[in-house]
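Quick note: to get the numbering used here, add 2 to the position in the sequence shown (first position is 1).
The beta-carbon is built from N, C-alpha and C at its ideal position, and this holds for glycine as well.
Structure, as structure tokens:
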Amino acid sequence: MTRNMKNSNNNREKIIHLMQTDDSIDAPSDAIKWSKNLFRARAAQPAQGILQRIIGVLVQELAPGKAAFGERSGSVGKVRQMLFEAGDNRVDLRVSKNHESFDVRGQILGRGWENAVVELAGQKSNVDKFGGFAVKDVKSGTYEVSIRGGQIEIVLKGIELE
């Protein structure tokens with residue numbers, strides 16, 4: 003036999019002997035999980051039972067009687083329209099004056115919002131299967147709109163109705 007083959011056989015026998023006499027203990031399962039997660043490149047998922055709150059940002063507003071970029075006339079009707087961006091979702095709000103109060107209609111543009119609950123001025127409205135909702139007879143004032151569905155809540159702050 004050549005020298006390399008003898009060394010190879012000796013190494014193989016040593017490894018087999020080490021495997022047969024191994025009496026080491028496995029690391030705790032939480033330590034293994036933690037160390038594996040160090041090398042994962044994924045977004046952190048919110049823990050179960052924690053509500054993720056997303057603040058909506060106004061990206062466009064069309065008010066009655068004001069010119070809008072790209073529109074032919076300055077009149078957009080009697081409805082004030084606001085578009086909010088909230089994470090992966092958009093919220094379209096339309097406010098119309100109804101005598102001494104306001105009617106607020108809206109639609110959530112995104113998935114998974116059917117059966118969510120919208121709260122505005124102490125009133126609640128359920129979101130339909132198309133993401134639509136309506137709250138009627140809201141008095142003048144500044145309000146916060148809360149849209150809660152599952153573990154996510156979208157909040158639209160500073161909605162002025164006047």
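Item	Value
Residues bridged to ASP105 by DSSP?	SER98
Using a Cβ-Cβ cutoff of less than 7 Å, which residues in the same chain neighbour ILE103 once the five nearest sequence positions on both sides are dropped?	The question names Ile, but residue 103 in the sequence shown is Ser. Cβ within range, chain order: ASP139, VAL140, LYS141.
Note down, in chain order, each residue of its chain lying with its Cβ closer than 7 Å to the Cβ of GLU164, except the 5 sequence neighbours on either side.	SER142
What residue range does the beta strand (DSSP E) around ASP90 cover?	Run containing ASP90: none; DSSP gives neither H nor E here.
For VAL137 versus SER148, is the C-beta spacing smaller than 8 Å?	no
If I follow the unbroken alpha helix (DSSP H) through ASN39, where does it start and stop?	31-40
Tell me which same chain residues have a C-beta within less than 7 Å of the C-beta of ASN11, skipping the five on either side of it?	none
Where does ARG55 sit, in a helix, a strand or coil, going by DSSP?	strand
So, helix, strand or coil for SER10, using DSSP?	helix
Using three-state DSSP, classify SER77 as helix, strand or coil.	Model confidence at SER77 stands at a pLDDT of 46, short of 50, so the residue's coordinates are unreliable and nothing is read from them.
When you compare only the Cα positions, how much space is there between ASP32 and ASN39?	11 Å
Name the DSSP bridge partner or partners of ALA136?	ARG107
Can at least three beta-carbon pairs, one atom from the region 81-95 and one from the region 106-121, be found at a separation below 8 Å?	yes
Can you tell me whether DSSP reads LYS131 as helix, strand or coil?	coil
Which of the three DSSP states, helix, strand or coil, is assigned to LYS16?	helix
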